[in-house]
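Numbering (full-length UniProt numbering), first residue to last: 1 to 540. Just below is one structure, and these are the notes that go with it.
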Ligand SMILES: NC(=O)C1=CN([C@@H]2O[C@H](COP(=O)(O)OP(=O)(O)OC[C@H]3O[C@@H](n4cnc5c(N)ncnc54)[C@H](O)[C@@H]3O)[C@@H](O)[C@H]2O)[C@@H](O)CC1
């Protein structure tokens with residue numbers, strides 16, 4: 001499991017360890033890892049040592065010190081290195097080490113305008129094959145001030161307009177990312193790889209900031225940190241969690257999913273829900289819907305059983321025709337029944353809009369953590385607005401959710417009492433009083449019609465299997481069991497999409513996102529679900 005921490009938590013733990021070590025030794029270790037990572041990435045790109053100019057962007061704190069030491073190591077390896085000092089107080093010892101290693105040092109005239117400084121930085125950056133960002137690390141205090149704000153804006157412009165092949169290495173945290181909740185309110189410098197010190201920073205797991213870190217390399221400084229509030233499951237975690245049938249299990253003891261989804265107008269959604277659930281290890285999938293939809297669905301997935309019956313998880317919502325009043329009533333009634341009886345309930349797509357009707361009929365008027373809401377940003381914005389979030393501004397927009405999904409996801413969980421799976425290239429799982437989980441790794445191709453329905457099916461399937469065990473052993477699924485199970489479904493979905501896209505699986509989840517691989521359709525993803533589960537089980 002990857003754990004992530006707020007900057008202040010890491011700084012506190014770091015200060016303790018720094019005090020116990022010889023002065024400068026941790027900084028040199030950190031810089032060594034920056035240097036090694038840079039070389040590794042350059043070798044992978046086939047870059048030649050003498051021809052690869054390295055530019056270090058050096059700020060006035062220890063982050064800049066890391067950068068100067070890293071440049072000194074790289075210079076000793078033969079790389080032509082330039083340190084651009086963007087502070088009049090660079091780390092003294094690190095600067096001396098860089099000078100000794102014959103790093104070219106350029107002191108920026110800080111009396112000139114931010115624009116001139118940014119232009120100078122841009123000229124130096126254009127001539128370099130690597131940018132090492134040591135402007136600001138965890139000591140950042142609010143939005144980047146000038147001239148750094150204009151420097152990073154200019155470098156981003158250069159990077160985007162020239163489609164440069166430059167390698168961008170960030171030290172600890174990409175400069176300009178200052179909030180812990182994944183928001184990006186000011187200018188920042190994106191990275192291809194971030195070498196992070198002592199502990200993952202929470203913004204590296206939370207979108208949209210997470211997309212700016214590139215790959216993340218963690219330098220172990222032996223820090224002791226307990227209070228993590230954010231984590232990401234990896235293959236071994238999912239494998240350890242995924243329910244596996246025993247010798248005496250049969251289709252009823254393994255868990256049954258009941259699906260209320262799809263319609264004659266949208267048969268694909270029903271098929272994808274049923275197929276996602278059916279391929280994720282559940283004992284049986286029941287389909288409840290109009291005859292023509294049932295016919296379409298069963299002809300694609302004949303293993304499903306038509307008609308309602310006992311089940312351990314109810315999945316409601318995708319592809320229900322909102323004009324079909326009796327079907328909408330059925331969706332509400334079934335949801336109310338499931339929520340009242342305490343079995344897991346997955347409310348997806350159209351069912352999310354039915355939230356007010358559903359809770360108005362539930363004793364206590366609130367969902368429990370055993371109900372799962374699975375909105376994308378647009379659906380989340382609608383539900384948040386219904387719940388009165390956004391105050392007098394007339395609700396919450398999709399763009400606002402996308403700018404701050406962690407905060408809004410948590411708000412939804414706290415307000416509804418449910419476990420919330422907020423979908424995106426990084427999917428967040430929030431629940432009341434639990435560690436937030438952030439799952440990633442699916443290729444960008446994954447956002448395709450029916451893909452979310454497959455995820456809803458997998459989610460319902462894993463919950464039905466856990467619920468079946470809980471019923472047999474006489475316990476109730478806890479908040480943490482629910483959020484871990486939902487996160488494991490998100491992992492399986494992402495990895496099935498990777499397999500469908502022709503991308504390799506890795507025991508440690510690939511960082512955030514990738515736009516490589518081949519296009520996929522939802523059916524391809526559903527077909528790869530068993531392989532993704534098998535992979536997780538092998539890693540456990
Ligand atoms: N102390 C140590 O031995 C270690 C420190 N480490 C490094 O030290 C970093 C933390 O160092 P510091 O505490 O010196 O802080 P930073 O180097 O992150 O930042 C401090 C500098 O940034 C400037 N600054 C802060 N907010 C700004 C803003 N909004 N706009 C523009 N400039 C701003 C400050 O004026 C100061 O010059 C970590 O991120 C990590 O890279 C690591 O090397 C691990 C070991």
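Built from N, CA and C at the ideal position, the CB exists for glycine as well. Since the model is a prediction, treat every value here as computed from it, not as a measurement.
Review point. Would you call the CB atoms of residue 348 and residue 374 closer than 7 Å?
Key: yes
Review point. First and last residue of the beta strand (DSSP E) that includes residue 134?
Key: For residue 134, the uninterrupted beta strand (DSSP E) segment begins and ends at 130-134.
**Study point:** Residue environment, residue 141, which counts as buried when at least 16 other CB atoms sit within 10 Å
**Key:** exposed
Check your understanding: Going by the C-beta, is residue 156 closer than 6 Å to any heavy atom of ligand 1?
Key -> Answer for residue 156: no, Cβ out of range of ligand 1.
Review point. Around the Cβ of residue 325, are there at least 16 other Cβ atoms within 10 angstroms (buried) or fewer (exposed)?
Key: exposed
Review point. Taking the C-alpha atoms as reference points, what is the distance between residue 278 and residue 457?
Key: 8 Å
Point to revise | residue 317 versus residue 286: straight-line alpha-carbon distance, rounded | key: Rounded to whole angstroms, residue 317 to residue 286 spans 15 Å at the Cα level.
Review point. In angstroms, rounded to a whole number, what distance separates the CA positions of residue 53 and residue 41?
Key: 14 Å
Review point. Under three-state DSSP, which class holds residue 486?
Key: helix
Exercise for review: Return yes when the C-beta of residue 138 is under 6 Å from any heavy atom of ligand 1, and no when it is not.
Suggested key: yes
Check your understanding: By a C-beta neighbour count over all protein chains shown, 10 Å radius and 16 as the cutoff for buried, is residue 493 buried or exposed?
Key -> Flag for residue 493 reads buried.
Exercise for review: Measuring alpha carbon to alpha carbon, tell me which of 60, 442 and 47 ends up nearest residue 78.
Suggested key: 47
Exercise for review: Consider the C-beta atom of residue 170 and the heavy atoms of ligand 1; say whether any pair is separated by less than 6 Å.
Suggested key: no
Check your understanding: So residue 210 and residue 191 are in contact, right, with Cβ under 8 Å, and what is the actual spacing, rounded?
Key -> Between residue 191 and residue 210 the Cβ distance is about 12 Å, and since that is not below 8 Å, they are no contact.
Point to revise | Cβ shell of residue 34 (< 7 Å), same chain only, five flanking positions each side left out | key: Closer than 7 Å at Cβ, skipping near neighbours: 66, 70, 132, 169, 171 and 195.
Exercise for review: Please find out if some non-hydrogen atom of ligand 1 comes closer than 6 Å to the beta-carbon of residue 88.
Suggested key: no
Check your understanding: Do residue 345 and residue 351 have their C-beta atoms closer together than 7 Å?
Key -> no
Practice item. Using alpha carbons as the reference points, say which of 323, 167 and 274 lies closest to residue 307. Key: 274
Review point. Is the beta carbon of residue 401 less than 7 Å from the beta carbon of residue 371?
Key: no
Review point. Which of the three DSSP states, helix, strand or coil, is assigned to residue 443?
Key: If DSSP states are grouped into helix, strand and coil, residue 443 belongs with the strands.
Practice item. Would you grab the beta carbon distance between residue 201 and residue 4 for me? Rounded to a whole angstrom, and I think it's under 8 Å. Key: Sure, about 6 Å apart at Cβ, within 8 Å.
Check your understanding: Do the stretch 449-467 and the stretch 408-420 make contact, defined as three or more Cβ pairs closer than 8 Å?
Key -> no
Practice item. Just grab the DSSP bridge partners of residue 56 for me. Key: 83 and 132
Review point. Helix, strand or coil: how does DSSP classify residue 271 here?
Key: Note: residue 271 maps to helix in three-state DSSP.
Practice item. Count the other C-beta atoms from every protein chain shown that fall within 10 angstroms of the C-beta of residue 49, then say buried if there are 16 or more, exposed otherwise. Key: exposed
Practice item. Consider the C-beta atom of residue 141 and the heavy atoms of ligand 2; say whether any pair is separated by less than 6 Å. Key: By its list of ligands, the structure shown excludes ligand 2, since it contains just ligand 1.
Check your understanding: Between the C-alpha atoms of residue 272 and residue 522, what's the straight-line distance to the nearest angstrom?
Key -> So the alpha carbons of these two residues sit roughly 7 Å apart.
Point to revise | Delimiting residues of the alpha helix (DSSP H) encompassing residue 4 | key: Where residue 4 is concerned, there is no enclosing alpha helix (DSSP H), although the beta strand (DSSP E) it sits in stretches over 2-5.
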